[in-house]
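Visitor:
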Amino acid sequence: LFDEARLAKYRAYCPYSHFRVGAALLTSTGKIYNGCNVENASYPLSTCAERTTIVKAVSEGEQSFQTIATTWDVELGFIGPYGSCRQTLAEFGLGFDVYLINTKNE
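In terms of my numbering, the sequence shown opens at residue 1 and continues consecutively.
1) Going by CA-CA distance only, name the one from E91, C36, Y99 that's closest to V79.
2) Can you tell me which of L7, S84, N102, Y33 puts its alpha carbon nearest to the alpha carbon of A57?
3) Quick one: Cα of T17 to Cα of R11, how far?
4) In the DSSP output, which residue or residues are listed as bridge partners for T114?
5) Roughly how many whole angstroms lie between the Cα atoms of G30 and A24?
6) How many angstroms separate the CA atom of E4 from the CA atom of L45?
7) Just curious, the alpha helix (DSSP H) that V21 is in, first and last residue?
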């Protein structure tokens, strides 16, 4: 799952912030979906990696999730899902694990 999140990070479209984020989601059926952040010049229209990943899974018929892993380009500290990302995660329940992975694999 962590490797899938890392792979997705390198596909990020982030010409404005240069802040790459990748996520990977394990569904209750055992499938893994990954996604990245996609920025827009109108920043509120940007899509975070977590939402990209959930939308991909839901569009394939999944609605029950076990784990999501998120990684980014920050060496120190951790950055968790925020605002609309958190709301989207909560929409599908609070019973799944969220892993935050920095560049040191911590």
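For each residue, glycine too, the CB sits at the ideal point set by N, CA and C.
The structure presented is a predicted model; accordingly, all values stated were derived computationally and were not measured.
Guide: Working from what's here:
1) Just to set this straight, residue 79 is Ile in the shown sequence, not Val. For the residues E91, C36, Y99, the minimum Cα distance to I79 belongs to Y99.
2) Of the candidates L7, S84, N102, Y33, the one whose C-alpha sits nearest the C-alpha of A57 is Y33.
3) Checking the sequence, you will find Ser at residue 17 rather than Thr. S17 and R11 have their C-alpha atoms spaced approximately 14 Å apart.
4) Only positions 1 to 106 of the chain appear in this structure, which leaves residue 114 out of reach.
5) C-alpha separation (whole angstroms): 12 Å.
6) Computed Cα separation, rounded: 25 Å.
7) Per DSSP, V21 belongs to no alpha helix (DSSP H); it is in the beta strand (DSSP E), 21-27.
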